[in-house]
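Student: Heads up: take any position in the sequence shown, counting from 1, add 926, and you land on my numbering. This is the structure I want to talk about, given as structure tokens.
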Amino acid sequence: MPKSIYILLLFLLLSFTASSQQSISVLRSRLRTESEPAKINTYLEISKIYAADQPDSAVHYCNQAMKLAENLGDRNSQGLLLIELGRINILHHHEELARRFINEALSIFRNLHQPEGITLAYDQLGLLDGQQKNISAATEDFGRSMEFYRDSHDSLGILETYNGLGKVYEEKGDIEKALTYYLRILVQYEQRKLKPEAYFILLDRIGHLYLKKGDSHTALKYLEEGIRNSNTSSERDTQITMLNEEGKIYEQDGQKTHALTYYKQALSEAKKFNRPEEQAQALINIAGVLKKENSTQSLNDLKRALKIADSLRQPRLEATIYAALAGVYQQEKDYKEAMVALEENHRLLDSLLGADTTKEIAAIDSSYALESSREKIGHLQKVTKAEKKELDMGLVILIAILALLVLAYLYLIKIQRLNKELKAANHVKDVLFSVIGHDLKGPAGSAAQLFALMETEDFTEAELKSMISDLRKQTEASFELLQTLFEWGRAQLQGIKVQPEMLDAKSIISKNIYLLSRQAGLKNIIVSDHVPEKTEIIGDLNHFDFIIRNLISNAIKFTYESGHIDLDAQKANGEVIFSVKDTGTGIVPDQQKLFLKSNLQVSYGTKGEKGSGLGLSLIKEFLEANNGRIWLESTPGKGTTFYFSFPGAKQ
């Protein structure tokens, strides 16, 4: 798909945001005065607005409505809410969970003999089968919907089914068939005097498909048709979006003068009708056209757009602007500013990735919680009915009931155990995703940008040396993080297994000082080993090796240049107490207290070195497994001493 398509879709998303937020505000205020049956529909409307961008919020409002529907015994509303939950999970590609919700809704509507609900369920199943590339099943599902709509003369329903078929073929990549169904809908809309919002969305979609075919002339025709028909203020967002899209098409065809005209018209319309998001997008587009001819004006336009995005608190839009700024700075060979803009772009994208992942996980958890709750309620209802019938029966039936209760109890215990394991696995997954997405992605992205600059630009020997130094630091940090991540992940998933043996602590410490000597030498740090000879302990070799290596590495990170690190050990009360003392940045008192309860917050070393925080967490777990302990003493600005103990070897 051409890059311009993604940009156009982003315009649509931003245009929708302002109006949707206003709608949500109105719906929430309505909830204060509505009756419980009316609240169900309001919750459902709010959920539909949130479905695409905030799945966790969408599922939350569906759950609120479901509680009301169950309390009122409203089976029809329960079916509609299950269809909406299925739709949310289709949008976010949780196909298995979506199918279970929709099938349950289908079962409810069949029991109620509710043909409208059955048809809605088949429409959603058609979209789901299309998303899973099962075109024959999708066509069959939509065919069942079409039969009902034709029998009931429901023209709107027929259009919805055509729209669903168009989406299925568009998902498959069959542009011609998708256009066939979309154009059928368009003919029906064109006969109406007042055009619904769906008409403008459809014109935009048809335009996109013609762009995919490479027919920009026809694409422009449909976009211009949308602009001509959008004369009311409620359709102003669509008109501005289409002006931007037309400009993008002309820019893609190399007609920059025409493109600039449309972009400026979009900017004027956005200012006139107070659409700040569209103003920012128009400025970005204008800056792109002027990038080579007038870089100064291009930078000014991008900075104006950045101010607007910042005032709106739109991190995705800010990330786009920083990427554009980096491109202009690179063109002007201002590599320092280019790198600053790229780093800000990576930071914003990382924060968005974390937020999106959290929403996805919350939505899945809420969906599973709702499904589990409904299964338990259904199970208890069956047990209650069975008990009523069995009151008049003898001892044998009573024993059977007791057996069922025992099985139910065992089932609940099993569910609790599985939930506990699922939570633990989710925690490991979340930490792994967080570290990979934030701590590894950043250095990798920066390294790729540096390589790109080195490949395409001419640099002096001093500049290349500086860049290579940066690459080495990023690579070493990533490698160290991967080692720690591997050890931590293995410990969490497989459990910590201790293989105690008598260890010569002195030799292990000496080996690690040697391995880390290059890292210390780069900062002119002297590492002194005062551990007595024949210092013997009882513990796991790999665990002790990991602990001493990580503590020395951390000390090097946080020690100033030309500082020193001292290692020592003393025997006391049947244990050996080791110390790693540095002359570094130190740790503030609040962080010292936090370390005793949980873990230190991640911070940067004296030369910008960054850790993940997993190393100290794993050290504490290893020491606990080896019957040891850890504590610290620190003075901010002067240094830190970490103490840890291992059982001493019996003489």
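Positions of the beta carbon are idealized from the N, C-alpha and C atoms, including for glycine. If you're wondering where the values come from, they're calculated on a predicted model, not measured in any experiment.
How far does the beta strand (DSSP E) with H1039 in it extend, from its first residue to its last?
Tutor: That residue, H1039, is in no beta strand (DSSP E); it is neither H nor E in DSSP.
Student: On a Cα-Cα basis, can you pick out the residue from S961, I1028, A1334 and T1065 that is closest to A1620?
Tutor: This structure leaves residue 1620 out entirely; the chain is present only between 927 and 1577.
Student: Suppose the cutoff is 6 Å on Cβ atoms and the five residues either side in sequence are ignored; what does the same chain contact list for S1505 look like?
Tutor: D1494, T1567 and Y1569
Student: How is A1495 classed by DSSP in three states: helix, strand or coil?
Tutor: A1495 falls in the strand class under three-state DSSP.
Student: Is the CB-CB distance between A1213 and S1224 below 7 Å?
Tutor: yes
Student: Tell me which same chain residues have a C-beta within less than 6 Å of the C-beta of L1268, skipping the five on either side of it?
Tutor: A1252 and Q1375
Student: Using the three-state DSSP reduction, which class does F1568 fall into: helix, strand or coil?
Tutor: strand
Student: Could you say if the region 1011-1026 and the region 974-991 meet the contact criterion of at least three C-beta pairs nearer than 8 Å?
Tutor: yes
Student: What is the rounded straight-line gap between the Cα of R1239 and the Cα of Q1057?
Tutor: 33 Å
Student: For L1038 and Q1181, I'd like the C-alpha separation in whole angstroms.
Tutor: 60 Å
Student: Buried or exposed: where does I1034 fall if 16 or more other Cβ atoms within 10 Å of its Cβ makes it buried?
Tutor: buried
Student: Alpha carbon to alpha carbon, how far is A1235 from L1379? Give it in angstroms, no decimals.
Tutor: Cα to Cα, the separation comes out at about 28 Å.
Student: Less than 7 Å between the C-beta atoms of N1552 and D1492, yes or no?
Tutor: no
Student: According to DSSP, is G1133 part of a helix, a strand, or is it coil?
Tutor: helix
Student: What are the start and end residues of the alpha helix (DSSP H) that includes D1236?
Tutor: Taken as a continuous stretch (DSSP letters only), the alpha helix (DSSP H) holding D1236 covers S1221 to L1238.
Student: Should S1571 be labelled buried (16 or more other beta-carbon atoms within 10 Å of its own) or exposed?
Tutor: buried
Student: Using the beta-carbon count (16 or more within 10 Å), is K1217 buried or exposed?
Tutor: buried
Student: S1159 to T1187, Cα distance in whole Å?
Tutor: Reliability fails at S1159, whose pLDDT of 46 lies under 50, so the model's placement of it is uncertain and the value that follows must be treated cautiously. Those two C-alpha atoms are separated by around 22 Å.
Student: Just tell me which of A1575, D1000 and S973 has its CA closest to the CA of K1497.
Tutor: A1575
Student: Within the continuous alpha helix (DSSP H) that includes I1451, where are the two ends?
Tutor: No alpha helix (DSSP H) holds I1451; DSSP gives it neither H nor E.
Student: For G1574, name the three-state secondary structure that DSSP assigns.
Tutor: Strand, per DSSP.
Student: Name the residue from F1385, N1499, L1017 and F1377 whose alpha carbon lies nearest to the alpha carbon of L1053.
Tutor: L1017
Student: With 16 as the cutoff for other CB atoms within 10 Å, does S961 come out buried or exposed?
Tutor: Burial call: exposed.
Student: Determine the contact status of K1432 and E1459, defining contact as a CB-CB distance below 7 Å.
Tutor: Yes. Within cutoff.
Student: Can you say whether A1145 is buried or exposed, counting buried as having 16 or more other CB atoms within 10 angstroms of its CB?
Tutor: By the neighbour-count rule (16 or more Cβ atoms within 10 Å), A1145 is buried.
Student: Taking only runs that begin and end inside the region 988-1059, name each unbroken alpha helix (DSSP H) of 4 or more residues, in chain order.
Tutor: When DSSP assignments are scanned along the region 988-1059, the uninterrupted stretches of alpha helix (DSSP H) that are 4 or more residues long and fall wholly within it turn out to be 1001-1017, 1021-1037 and 1041-1057.
Student: Between the Cα of A1446 and those of A1104, I1482 and R1555, spot the shortest distance and give me the residue it belongs to.
Tutor: The shortest C-alpha to C-alpha distance from A1446 to any of A1104, I1482 and R1555 is the one to I1482.
Student: According to the neighbour-count rule (16 or more other Cβ atoms, all chains shown, within 10 Å of its Cβ), is I1325 buried or exposed?
Tutor: I1325 comes out exposed.
Student: How far does the beta strand (DSSP E) with K1423 in it extend, from its first residue to its last?
Tutor: Unbroken run through K1423: none, as it is neither H nor E.
Student: Please name the residue or residues paired with H1490 in a DSSP beta bridge.
Tutor: I1452
Student: DSSP state of I1513, grouped into three classes?
Tutor: coil
Student: Taking 7 Å as the cut-off, decide whether the C-beta atoms of I1435 and T1485 are in contact.
Tutor: no
Student: Please report the distance separating the alpha-carbon of K1233 from that of K1197.
Tutor: 15 Å
Student: With a 10 Å radius around its C-beta and 16 neighbouring C-beta atoms as the bar for buried, classify M992 as buried or exposed.
Tutor: Residue environment analysis places M992 among the buried positions, since at least 16 neighbouring C-beta atoms fall within 10 angstroms of its C-beta.
Student: Exposed or buried, which one is T1183 when buried takes at least 16 other CB atoms within 10 Å?
Tutor: Flag for T1183 reads exposed.
Student: At the level of alpha carbons, what is the spacing between R1070 and A964?
Tutor: 31 Å
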